[in-house]
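Chain order of the listed sequences is W and Z.
In terms of this note's numbering, the first sequence opens at residue 9 and continues consecutively.
In terms of this note's numbering, the second sequence opens at residue 7 and continues consecutively.
Just below is one structure, and these are the notes that go with it.
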Amino acid sequence: MSTRRDLDRLSVDWITLELMRVAYATRGGFLAVRDPRAVVWWYVIGALAPWFTYDVGVLAVLFAAALVAALAARIGPLLLGLFLLGIVGDLVYLLVMLLILREDPAAVGTLVLPVLKLGTVSLVSMAAFASLDPEKISDALLAMRAPEILGFAVSYGYRMIPVLVDEFRTIVDGHRLRGAPPRGPGLLGWRLVVRLATILVRSFYPLILNTAKRTRTTVEALETRGFTAAGSVGGAGRALRLAHLRFTVADGALLTATLAVVTLAYWTGGIM
Amino acid sequence: MPAADDGPRGAAPAIEVRNLTFRYPGAERDTLRGVDLTIAAGDFVAVVGGNGSGKTTLAKTFNGLVPHFWNGDLSGSVRVHGRGTRKRSVAELASEVGFVFQDFGNQLVRPTVRDDVAYAPLNLGRADWRERADAAVAGLGLEPIADTFTWQLSGGQQHLTALAGALALAPRILVVDEPAAEVDPARAAEIYEHLVRLNERGTTVVVVEHHAELIARYARSVVLVDDGVVRWHLPTAEAMARREDLESADVPAPQVVEIARALAPGSPLPLTVDDCVAALALLADPLLTPPAEAAASRDAALPRRSTEAGSGPESGSRSGFGGASDGLRNRAGIASLRDVSHGYLTIDGPRSTVVDGLSLDLFDDDRVALVGSNGAGKSTLLTLLAGLALPRAGTVTVDGRDTREVSAPELAGTVCYLVQHPEEMFLQDSVAADVAMFPRGRRVAGADELVARVLDRMDLTGVADRDGRLLSGGQQRRATLAIALAMRPRLLLLDEPTASLDLRSRDDVIGLLADLAEHIRCTVVATHDMQLVAEWATRVVVLDGGRIIADTTPAALFADDAVLARARLVPPQAAQVGRRLGLSPVPRGVAELVARLGGAPAEAASPAPDVLSRPAESGAAIAGNVAGTVAGGKEAAR
Numbered sequence: 009m010s011t012r013r014d015l016d017r018l019s020v021d022w023i024t025l026e027l028m029r030v031a032y033a034t035r036g037g038f039l040a041v042r043d044p045r046a047v048v049w050w051y052v053i054g055a056l057a058p059w060f061t062y063d064v065g066v067l068a069v070l071f072a073a074a075l076v077a078a079l080a081a082r083i084g085p086l087l088l089g090l091f092l093l094g095i096v097g098d099l100v101y102l103l104v105m106l107l108i109l110r111e112d113p114a115a116v117g118t119l120v121l122p123v124l125k126l127g128t129v130s131l132v133s134m135a136a137f138a139s140l141d142p143e144k145i146s147d148a149l150l151a152m153r154a155p156e157i158l159g160f161a162v163s164y165g166y167r168m169i170p171v172l173v174d175e176f177r178t179i180v181d182g183h184r185l186r187g188a189p190p191r192g193p194g195l196l197g198w199r200l201v202v203r204l205a206t207i208l209v210r211s212f213y214p215l216i217l218n219t220a221k222r223t224r225t226t227v228e229a230l231e232t233r234g235f236t237a238a239g240s241v242g243g244a245g246r247a248l249r250l251a252h253l254r255f256t257v258a259d260g261a262l263l264t265a266t267l268a269v270v271t272l273a274y275w276t277g278g279i280m
Numbered sequence: 007m008p009a010a011d012d013g014p015r016g017a018a019p020a021i022e023v024r025n026l027t028f029r030y031p032g033a034e035r036d037t038l039r040g041v042d043l044t045i046a047a048g049d050f051v052a053v054v055g056g057n058g059s060g061k062t063t064l065a066k067t068f069n070g071l072v073p074h075f076w077n078g079d080l081s082g083s084v085r086v087h088g089r090g091t092r093k094r095s096v097a098e099l100a101s102e103v104g105f106v107f108q109d110f111g112n113q114l115v116r117p118t119v120r121d122d123v124a125y126a127p128l129n130l131g132r133a134d135w136r137e138r139a140d141a142a143v144a145g146l147g148l149e150p151i152a153d154t155f156t157w158q159l160s161g162g163q164q165h166l167t168a169l170a171g172a173l174a175l176a177p178r179i180l181v182v183d184e185p186a187a188e189v190d191p192a193r194a195a196e197i198y199e200h201l202v203r204l205n206e207r208g209t210t211v212v213v214v215e216h217h218a219e220l221i222a223r224y225a226r227s228v229v230l231v232d233d234g235v236v237r238w239h240l241p242t243a244e245a246m247a248r249r250e251d252l253e254s255a256d257v258p259a260p261q262v263v264e265i266a267r268a269l270a271p272g273s274p275l276p277l278t279v280d281d282c283v284a285a286l287a288l289l290a291d292p293l294l295t296p297p298a299e300a301a302a303s304r305d306a307a308l309p310r311r312s313t314e315a316g317s318g319p320e321s322g323s324r325s326g327f328g329g330a331s332d333g334l335r336n337r338a339g340i341a342s343l344r345d346v347s348h349g350y351l352t353i354d355g356p357r358s359t360v361v362d363g364l365s366l367d368l369f370d371d372d373r374v375a376l377v378g379s380n381g382a383g384k385s386t387l388l389t390l391l392a393g394l395a396l397p398r399a400g401t402v403t404v405d406g407r408d409t410r411e412v413s414a415p416e417l418a419g420t421v422c423y424l425v426q427h428p429e430e431m432f433l434q435d436s437v438a439a440d441v442a443m444f445p446r447g448r449r450v451a452g453a454d455e456l457v458a459r460v461l462d463r464m465d466l467t468g469v470a471d472r473d474g475r476l477l478s479g480g481q482q483r484r485a486t487l488a489i490a491l492a493m494r495p496r497l498l499l500l501d502e503p504t505a506s507l508d509l510r511s512r513d514d515v516i517g518l519l520a521d522l523a524e525h526i527r528c529t530v531v532a533t534h535d536m537q538l539v540a541e542w543a544t545r546v547v548v549l550d551g552g553r554i555i556a557d558t559t560p561a562a563l564f565a566d567d568a569v570l571a572r573a574r575l576v577p578p579q580a581a582q583v584g585r586r587l588g589l590s591p592v593p594r595g596v597a598e599l600v601a602r603l604g605g606a607p608a609e610a611a612s613p614a615p616d617v618l619s620r621p622a623e624s625g626a627a628i629a630g631n632v633a634g635t636v637a638g639g640k641e642a643a644r
């Protein structure tokens, strides 16, 4: 057997860490310093903007602006890589379509539209959520009168990511070590693929049971720490928690500038 | 609330339980059966009891989780500072009764330490939540890690964070369920020191605990819960004398009590090592060398094997002892690490170094205990040996194969690695299927008989069809050991096999480990449990900062203050007492200590290959020390 490398495990480590970096906005960026409500509104504007036009020019400008915003928000190599992978796939698809539909270039134009629209929305989403840590998201949701439970779910969901990843890895390792080893890779490695898929499915049951066991304590602890009481004390907890939020002039400027960029994009596209 | 219910709060006991009966919804029998208990304000109470005795349920009645969260059948009353808990919500009670759970890691729900500590005061709408959180963080010395993500903390830090989270509400009563279950002895002592400080400032502290040594040292009174009722509530000294009661509750008396009982019957029972040494000194045994003199002579005679900080990769076994061992021992090696370094990516970017230029050889018949403080690199070393991780530098050879050349599944037939949390080993829906997973997957001939034999041997036939996750802690350990046994490995690696087990299950696991020796050529256990080290290991490898700082025998380790301090280890009490009395080598268990001091003859079962006959007279003590040194040196040459 050829020499093993530690890529398998290291890359899992790297992906986990990268996820955490994104989740907790450790890289900073122009949106990370803004009031979370402004970021959410920014996201709403950016995500809605591409849906009111069919003009390739407008969409291209919006796409470019979104790309710049995503880079400025420091979304990190993992998200960017995944995004590029998706875009490259789309481009290959377009190229094939171009060959087939040589007669009718306008049809290709209509195929570009959804790619640009979805690409723009993806970039804006990544920029916004890579800049908001779970606390900011739940604060923003709370400030916008979303139910308390929603904000908590976001925050607790993030909290569980590293726990789940760790648990999942231990379980997959257990399957790899104790389960039946594959008899050779098979044609195109199909046996390995089947084995991997089987392990993933079989890991689900222990993973969920173990997590459920953990959360039992969490639910009790939440009770003792006043989670359900937070809603019943006349919103005092909410006011306290949101006291630190400040919607400043800079936040207003950000939203104004964003609206200006969107308007500009529509104007250059000649739709207005 | 009726006026009478409020009462004069200063005078009311902290907790008053009257005729309390409780049955969990759907349970077949009552968990609590007529409990009567009064805990005075300002007391430091240890609640003891066997598994399933109802002690945790009782603790949960103090803060209203029973019956508000667990609304089973409840009769009787619980009053906290004179006011009944039935009409008050859990959240309301939280300002009076702080609660730290046994699996405290799951109690933390916010991303950073400071957020988590501030969580309860925020929820309850306390305007001064920030000051409260800061005070709680400062009170436990958590400022340096206040902005760390909770999932990055070590177990000890997580526990302190959970404690701070409870203290942020400034409760007058604090309930802590098994504070010492998952941390090393030094950290357990640290947590207790914090509790003592809180208690001195007027907080009533209730701990659920089964480490008699900690109870004896810190608690003021002890409550014994047995089968759903409180048997007695006594001052600690009196409680410790009720040996049979304690043992029936899986709380064997502290070693110092056993020692004093054997050697100084009739004297008041000691609660600490100091008391015990003093009591024995009163006997004025002519056989004992004055401790100071003996210590001096031993220190002079003992070779300094532990390398000091910063001695480079040439530390531990490789430099002096690895080489010598080849000549001294003709036992075959099973695994070796050469200049191995390993680390992990961190969230801030740079790679951490967890194992740093480490070299180690493992031999047949070795029972190796891998000790060191949290984060010293124990678990990483185990994953490297199991081939789950490949070293960033250096080579790991197991059974003649470089782990880089073999895949981890191929290596699994040779090395078995049991992870710390047993539930992560249960991949199937029954214990039998889990045990059978490896032999069936590998198409081992006679797999079925093998599984049946293993289940029988590990006394698991009765629970073979049950899901491993639903077993008790001790049974779960048994089941994971059965899984390992069915894999028939040559090298067995265990991570913290005795953590969070009650003492009876722990002794059970230690016994099983000793039994496994005939089937497994070499066993390596990463552990904080010094009693496991003392009773089971023949070799101790002490890690600190990813390097080996000592590779020696348990007895020699327990005599080496520098290494003990650096690795934050606390020897068992018998070893401490023996050491203070100038015995060398240091005795490992009570039986050995008693035998050497001329008490009742020790049971032959005591696993102490390097016991020397006790020096016949005081002049011979030094000769004994020298002999001990020779024996110790030979052991150390592994």
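Glycine included, each C-beta is placed from N, C-alpha and C at the ideal position.
All values reported here derive from a predicted model rather than from experimental measurement.
Residue pairing from DSSP places I21 (chain Z) in a beta bridge opposite Z:I45, Z:V86. Scanning its chain for C-beta atoms nearer than 7 Å, with the 5 sequence neighbours on each side dropped, one finds around R572 (chain Z) the residues D550, I555, in chain order. By the neighbour-count criterion, in which 16 or more other beta carbons inside 10 Å mark a residue as buried, P85 (chain W) falls on the exposed side. Straight through space, the alpha carbons of G145 (chain Z) and E206 (chain Z) are spaced by roughly 14 Å. Within the same chain, and ignoring the five residues on either side of E188 (chain Z) in sequence, the residues whose Cβ sits closer than 7 Å to its Cβ are G161, A505, S506. Chain-ordered, the chain Z residues with CB closer than 8 Å to the CB of K221 (chain W) read E429, R475. According to DSSP, residue pairing for A399 (chain Z) in a beta bridge involves Z:S347. Around T206 (chain W), no beta-carbon contact reaches into chain Z at under 7 Å, the shortest distance being about 12 Å.
Chain-ordered, the chain W residues with CB closer than 9 Å to the CB of V425 (chain Z) read T178, D181, G182.
Residue-level contact check: N25 (chain Z) does not touch chain W, since none of the beta carbons of chain W fall below 7 Å from its beta carbon.
Just measuring C-alpha positions, the residue of Z:Q537, Z:G447, Z:T533 sitting nearest V547 (chain Z) is Z:T533. Here P214 (chain W) is buried, its C-beta having at least 16 other C-beta atoms within 10 Å. For L376 (chain Z), the uninterrupted beta strand (DSSP E) run begins and ends at 373 to 377, by DSSP. Taking 7 Å as the cut-off, the beta carbon of V23 (chain Z) is found closer than this to the beta carbon of L43 (chain Z).
The beta carbon of D435 (chain Z) sits closer than 8 Å to those of D473, all from its chain and outside the five residues before and after it, given in chain order. Sequence-distant Cβ neighbours of C282 (chain Z) in its own chain, meaning closer than 7 Å and more than five residues away, are V262, I265, A266, P276, V583. In the three-state scheme derived from DSSP, where H, G and I count as helix and E and B as strand, H74 (chain Z) is classed as helix. Beta bridge pairing from DSSP links C528 (chain Z) with Z:L497. Taking C-beta atoms under 8 Å as the contact rule, L498 (chain Z) and L368 (chain Z) fail to qualify, at a distance of about 11 Å. For the 7 Å CB-CB criterion, T37 (chain Z) and G60 (chain Z) form a contact. For H525 (chain Z), the closest alpha carbon among the candidates Z:R373, Z:A141, Z:S379, Z:V360 is that of Z:R373. Any Cβ of chain Z closer than 7 Å to the Cβ of W198 (chain W) would place that residue at the interface, and such an atom is absent. DSSP places W542 (chain Z) inside the alpha helix (DSSP H), whose first and last residues are 536 to 542.
Neighbourhood of D21 (chain W) in chain Z, by CB distance below 7 Å: Y350, L351, in chain order. Proximity of the stretch 336 to 347 of chain Z to the stretch 402 to 415 of chain Z meets the contact definition, three or more beta-carbon pairs being nearer than 8 Å. Distance from the Cα of L248 (chain W) is smallest, within the candidate group Z:V600, Z:P415, Z:L388, Z:Y125, for Z:Y125. Taking the Cα positions, W50 (chain W) is about 34 Å away from T226 (chain W).
For the C-beta of N69 (chain Z), the chain W residues within less than 7 Å are, from N- to C-terminus, T232.
Residue nearest to A540 (chain Z) within the set Z:T27, Z:Y30, Z:P577, Z:T386 is Z:P577 (criterion: CA-CA distance). Counting only runs that start and end inside the stretch 194 to 282 of chain Z, the beta strand (DSSP E) elements of at least 3 residues fall at 210 to 214, 227 to 232, 235 to 241.
Annotation: L56 (chain W) is outside any beta strand (DSSP E); the continuous alpha helix (DSSP H) that includes it extends over 44 to 56.
In the displayed model, F444 (chain Z) falls within a helix according to three-state DSSP.
A residue is called buried when at least 16 other Cβ atoms come within 10 angstroms of its Cβ; T128 (chain W) meets this threshold and is buried. The stretch 172 to 214 of chain W contains no complete beta strand (DSSP E) run of 3 or more residues. Ranked by how close their Cα comes to the Cα of A136 (chain W), the residues W:L92, W:A31, W:L70 have W:A31 in first place. Between L102 (chain W) and V120 (chain W), the beta carbon gap of about 7 Å places them in contact (Cβ cut-off 8 Å).
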